Amino acid sequence: MRLHVADDDPFGPDNLPYGVFAPSGGPFRVGVRLGVQVLDIAALLDDSIFTQPTLNGFLAQGPVRWHSVRERLREAVRGPLPTEAIHSLDSVRLTLPISIGDYVDFYASIDHATRLGGFLRPNGAALLPNWRHLPVGYHGRAGSVVVSGTPVRRPCGQIRTGTATPTFAPSRRLDIEAELGFVVGVGSELGIPVPVDDFADHVFGVALVNDWSARDIQAWEGQPLGPFLGKSFATSAAAWITPLAALEAARVPLPGQEPEPLDYLRGQQNWGLDIDIRVCWNGVEVSAPPYRTMYWSPAQMLAHLTVNGAGTRPGDLFASGTVSGPLRRQSGSFIELSADGTEPVDVGGSPRTFLADGDTVVITATAPGPAGGRIELGEVRGQILPAWFEGQ
Numbered sequence: 006m007r008l009h010v011a012d013d014d015p016f017g018p019d020n021l022p023y024g025v026f027a028p029s030g031g032p033f034r035v036g037v038r039l040g041v042q043v044l045d046i047a048a049l050l051d052d053s054i055f056t057q058p059t060l061n062g063f064l065a066q067g068p069v070r071w072h073s074v075r076e077r078l079r080e081a082v083r084g085p086l087p088t089e090a091i092h093s094l095d096s097v098r099l100t101l102p103i104s105i106g107d108y109v110d111f112y113a114s115i116d117h118a119t120r121l122g123g124f125l126r127p128n129g130a131a132l133l134p135n136w137r138h139l140p141v142g143y144h145g146r147a148g149s150v151v152v153s154g155t156p157v158r159r160p161c162g163q164i165r166t167g168t169a170t171p172t173f174a175p176s177r178r179l180d181i182e183a184e185l186g187f188v189v190g191v192g193s194e195l196g197i198p199v200p201v202d203d204f205a206d207h208v209f210g211v212a213l214v215n216d217w218s219a220r221d222i223q224a225w226e227g228q229p230l231g232p233f234l235g236k237s238f239a240t241s242a243a244a245w246i247t248p249l250a251a252l253e254a255a256r257v258p259l260p261g262q263e264p265e266p267l268d269y270l271r272g273q274q275n276w277g278l279d280i281d282i283r284v285c286w287n288g289v290e291v292s293a294p295p296y297r298t299m300y301w302s303p304a305q306m307l308a309h310l311t312v313n314g315a316g317t318r319p320g321d322l323f324a325s326g327t328v329s330g331p332l333r334r335q336s337g338s339f340i341e342l343s344a345d346g347t348e349p350v351d352v353g354g355s356p357r358t359f360l361a362d363g364d365t366v367v368i369t370a371t372a373p374g375p376a377g378g379r380i381e382l383g384e385v386r387g388q389i390l391p392a393w394f395e396g397q
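All letters in the sequence shown, in the order written, are residues 6 to 397 by the numbering used here.
Shown next, in the form of structure tokens:
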């Protein structure tokens with residue numbers, strides 16, 4: 006059977022993102038997306054590594070193998086395909102395509118950090134002294150990373166009051182963070198750092214991420230050790246991982262770093278990426294964050310993550326932190342978009358600041374493709390469910 010998918014289709018032959026799917030009545034296995042179809046790679050290439058329910062085994066095989074499989078897939082999709090390898094996207098179940106051992110979230114946008122720092126420290130410096138010297142990050146909860154489309158329950162926690170005693174209640178300032186996630190393929194040995202220029206030897210691809218954030222819980226608990234319950238309740242990730250090979254045309258220089266980073270954060274491959282993100286709130290596009298303005302590159306993030314000797318494993322995930330540009334309408338979080346809740350956003354005629362129960366957020370992104378068109382990253386979608394505890 007021959008599939009007629011145009012070369013300029015955003016999920017065409019120049020893209021071919023990987024996911025894990027289950028056909029009707031069947032087990033989960035690895036597939037690749039082509040247009041509105043999912044191709045069973047094991048059936049297409051007669052390769053048993055793709056019968057596994059995660060991508061981890063394939064990721065561990067390394068860049069030479071990744072390249073070989075991609076070239077075989079690019080050749081295969083241009084010819085007749087076996088019928089048993091083709092499944093319509095709307096007929097399959099999708100799941101998280103990787104088994105995540107560790108998840109790290111960074112804070113790599115200078116525009117986001119400056120705006121958020123201004124809210125947190127109105128009478129002080131927006132950027133703390135370390136920010137321009139290292140990619141600030143924290144370890145998140147891998148077990149709370151869920152695939153796009155999974156509902157997110159409003160979290161509960163301690164919230165500051167006007168007295169010395171906090172209250173326990175559902176978050177009233179529930180927010181999003183539009184991010185780009187990076188999936189580790191080949192792990193690194195404990196005690197051995199990954200140099201900046203070895204990034205592409207270790208990282209397989211990217212996926213959109215929404216790191217949901219409870220700003221009121223975060224504000225009370227965050228001192229002195231940083232994010233905890235305000236972040237750990239849910240992180241949504243796209244069902245499709247776009248390989249780095251599909252993003253070669255999207256690579257751009259970093260905007261510039263001042264002062265010059267320390268030696269271990271310098272390199273020739275700085276991995277700026279020209280990716281345009283869109284955030285839709287209940288079907289209304291409210292912001293358009295540009296990834297190209299990010300201050301720290303993912304190669305620097307990985308170098309910093311491992312410079313103390315921390316090891317990585319196939320399937321580990323690290324994310325950029327909120328992607329925001331210099332303009333308010335380029336904000337990747339609602340706390341920025343609404344000026345810390347003081348300037349409501351028009352969402353289909355309704356003035357809004359933070360998320361209400363029933364709200365749906367969809368984050369999408371596109372990037373320049375190898376043939377001059379644009380490719381699309383898999384969306385990340387989530388709807389807010391009421392808290393388990395409604396409080397008073």
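Quick reminder that beta carbons are idealized off the backbone N, C-alpha and C, glycines included.
Since the structure is predicted, the reported quantities are computational estimates derived from the model, not experimental observations.
Check	Outcome
Endpoints, the alpha helix (DSSP H) within which F339 is located	F339 to L342
Beta-carbon gap between H144 and L307 smaller than 8 Å	no
Cα-Cα separation between G377 and C161, rounded to whole angstroms	47 Å
Residues near L249 in its chain [Cβ-Cβ closer than 8 Å; skip 5 each side]	A205, V208, F209, G210 and V211
Own chain, CB closer than 7 Å to A90, minus 5 neighbours either side, in chain order	L44, D45, A48 and L49
Q4 versus E253: straight-line alpha-carbon distance, rounded	As shown, the chain starts at 6 and ends at 397. That puts residue 4 outside it, with no answer to give.
Residues near T166 by beta carbon distance below 6 Å, same chain, minus five either side	T172
C-beta contact flag for H92 and S338 at 8 Å	no
Euclidean distance between Cα positions of G227 and F233	7 Å
Outcome for R120 when other beta-carbon atoms lying within 10 angstroms are tallied against a minimum of 16	buried
Supposed contact pair P102 and G24 - C-beta distance, whole angstroms, cut 8 Å	5 Å
Expected contact under 8 Å - CB spacing of G277 and P258 to nearest Å	5 Å
E348 in three-state terms, based on DSSP	coil
Uninterrupted alpha helix (DSSP H) stretches inside the segment 259-313 (no shorter than 4 residues)	303-311
Distance CB(W393)-CB(R158) smaller than 8 Å	yes
Alpha-carbon spacing of G62 relative to I54, whole angstroms	7 Å
Under the three-state DSSP convention, the category E381 falls into	strand
Selected residue, minimal CA-CA separation from A304, among T311, V201, A324 and N135	V201
Buried/exposed call for R386, threshold 16 Cβ in 10 Å	buried
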